[in-house]
């Protein structure tokens with residue numbers, strides 16, 4: 001029986017175009033660290049370290065440490081000099097990137113409807129960003145006060161999408177079986193892989209991402225509005241009117 005709904009954030013509960021957002025992200029970040037790095041190389045170095053984090057297979061190594069190991073192996077700067085700047089950027093100026101997103105009130109209504117019926121919610125955003133950056137994006141989407149069972153960030157997760165181990169770690173943390181869960185997201189590969197573990201899946205097509213690598217079947221497909229209609233059609237597990245509208 002379905003009990004838990006896993007939601008992607010970027011491009012799903014927080015609608016936006018990924019390429020446009022990432023361009024704006026680096027445009028805002030690079031000036032903050034320009035005095036410490038080669039500005040022509042830093043974006044590629046960050047992306048390379050991010051990819052190393054995504055490919056990490058060490059279950060004892062949190063994503064943030066996997067990123068650091070890769071990043072500080074390619075840049076000639078001390079962690080003590082640059083990492084506090086990263087922290088301050090994510091805590092403050094990252095919030096200015098809200099203008100690059102297209103928040104929808106539907107996202108909050110989806111969460112409210114699901115919670116009112118007794119479903120457990122997980123924010124299964126790819127944990128390649130720190131907690132501050134995730135919290136900013138939750139606020140932009142109007143879901144920062146949603147009582148998610150788990151929010152995945154780089155500080156406490158050990159795997160990333162599209163690794164099945166990312167979803168297995170979530171299942172272990174929340175004590176659910178795949179058959180009790182549905183993954184809802186806009187990325188064919190990163191979110192669709194949950195279906196291979198036995199989860200139901202819902203592809204949100206408003207800002208769909210498909211790298212064309214293989215074919216993945218989804219249990220459901222549609223727009224964010226369709227997700228709301230689907231949630232509203234679900235059976236009530238228990239009455240839970242506590243989340244504000």
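In this note's numbering, the protein residues as written are 1 to 245.
We put the CB at the ideal spot given by N, CA and C, even for glycine.
CB-CB length for residue i against residue j, believed under 8 Å
i	j	result
residue 128	residue 54	7 Å
residue 193	residue 208	So it is not a contact: roughly 15 Å between Cβ atoms.
residue 160	residue 167	With 8 Å as the limit, residue 160 and residue 167 do not qualify as a contact, their Cβ atoms being about 11 Å apart.
residue 73	residue 108	The Cβ separation is near 41 Å, so there is no contact.
residue 12	residue 186	5 Å
residue 33	residue 85	6 Å
residue 152	residue 124	6 Å
Coil, strand or helix - residue i by DSSP
i	result
residue 181	strand
residue 76	coil
residue 207	coil
residue 23	helix
residue 217	coil
residue 202	strand
residue 222	strand
residue 151	strand
residue 10	strand
residue 49	helix
residue 239	coil
C-alpha distance - residue i paired with residue j, whole-angstrom precision
i	j	result
residue 37	residue 228	45 Å
residue 28	residue 131	18 Å
residue 242	residue 181	22 Å
residue 41	residue 239	54 Å
residue 22	residue 101	11 Å
residue 4	residue 89	33 Å
residue 121	residue 236	14 Å
Where the beta strand (DSSP E) through residue i begins and ends
i	result
residue 121	120-123
residue 4	4-7
Residue i - containing alpha helix (DSSP H), residue span
i	result
residue 136	131-141
residue 65	63-71
residue 189	188-192
residue 168	164-174
residue 57	No alpha helix (DSSP H) contains residue 57, which DSSP labels as neither H nor E.
residue 114	105-116
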